[in-house]
Structures are given as structure tokens and as C-alpha cells.
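Reading the sequence shown from the start, the letters are residues 273 to 459 in the numbering used here.
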Amino acid sequence: FLDAVEVGSEFAISKAFPIRNRASFKDSQAYADYLTGRQQLAKNIAFAALFYLPQYKPTLGDIRAVRAYNKGVEALKRGKPERAEVYFRYAIKLNPSAENYLNLAFAQRAAGKGQAADQSFKTAIDLAKQSGNKPLIRVLGEQRLISRGLEGLKNGDYSKAELNFAAAAKVNPTAENFLNLGIAQQA
């Protein structure tokens, strides 16, 4: 068992801590101590991973979903919501989670697709309800209300905006939500 841990963890650690050239050490004992320290570090990390991390091995689909998510976030940061939407849809295809639908909704909202964003928020809320994640349900509900309020402001429907911002402020009484409510009331 420990031999398998050592071999597997030594490979992983070698990527993070490359072996130095033996010539950089003053004597062979220093080099041997260095290698022993690396092996012990590898064993410690592998041991901790076995007992403290969930026993989960990501699939290729999981890895691709994370990459698509990361690319979508980067596209949003660069101001390219349509491109982000493509990446988030791919992430959803591989992993239809509430979080991925939330990010799709953000991309759609940024692209000016209010109704599509509202539907993505609804799907995210439904998935969060299935998992029983109450804090996530609350955040998703608040974000959906904010999105609806912003859509109302954009379309000149100030009563819709005020209604949604008031509900968002009731769910989460933050300065931002009250500011949005004030803007809608003044419009």
C-alpha cells in the first residue's frame, strides 16, 4: 500500500517540486537528504489525501466541464457574454448543476437576453431545491429578482423594476439592493 502511495504521489509531487540537479548539492548526503525529504512530503500529501479528501476521481467530463466554466468566466471578464454563454452551455451539457445554470443566466443577462436569463435562473433554483441547498436557493432567488428588476429598468417598466428590487431587498437587505430600489422609485 505505501509503495503504491509513494509511487503515485512521487509522480504528482515531481510536477510541483522538480528534482534539482545533483551537482547543485555540495555532497551526496545533502542530495540524499533532499530526496528523502521529497519522498516524505509525497507520502504525507498522499496520506492526507487518502483520509481527508473525499474519495472522488473526476471523470474526463468533469474536467471538461470545469474547463468550459473557466473559459466562460474569462469570456465574461473580457466583456464577451455571447462567447461565455457558449462555454456555460457546454458546461451544463457535461454537468447540469445549479451553479452552471447561474453562470449561464449571468452571461445571458449581460448579453441582454432577459427572458432567457430568467429561465436559466428558474432552472438553477429548481436544481438547488432538488439538492436541498437552502443558502444557494436564497442567493439564486435574489439574483433572479435583481435580474428581473434590471430588465424592468432597461425596458422602462419601472413598476416591475421597483417590485423586483423591493423583493430582492426583502430577501437580502444589502445597500446594493436598496440602491437599486431607490433608482427604480426615482425613475
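Beta carbons: idealized from backbone N, C-alpha and C, even for Gly.
With fewer than 16 other CB atoms across the displayed protein chains lying within 10 angstroms of its CB, Q457 is exposed. Counting other Cβ atoms within 10 Å of its Cβ, E354 stays below 16 and is therefore classed as exposed.
The C-beta separation of L412 from A347 comes to about 21 angstroms, leaving the pair out of contact by the 8 angstroms criterion. Note that the C-beta distance between F360 and N375 is below 8 angstroms. Relative to the Cα of I397, the nearest Cα in the group T446, K349, L408 belongs to L408.
DSSP places A459 outside both helix and strand once states are collapsed to three, so it counts as coil.
Taking every protein chain shown into account, the CB of L425 has 16 or more other CB atoms within 10 angstroms, so this residue is buried.
Annotation: S369 is outside any alpha helix (DSSP H) and is labelled neither H nor E by DSSP.
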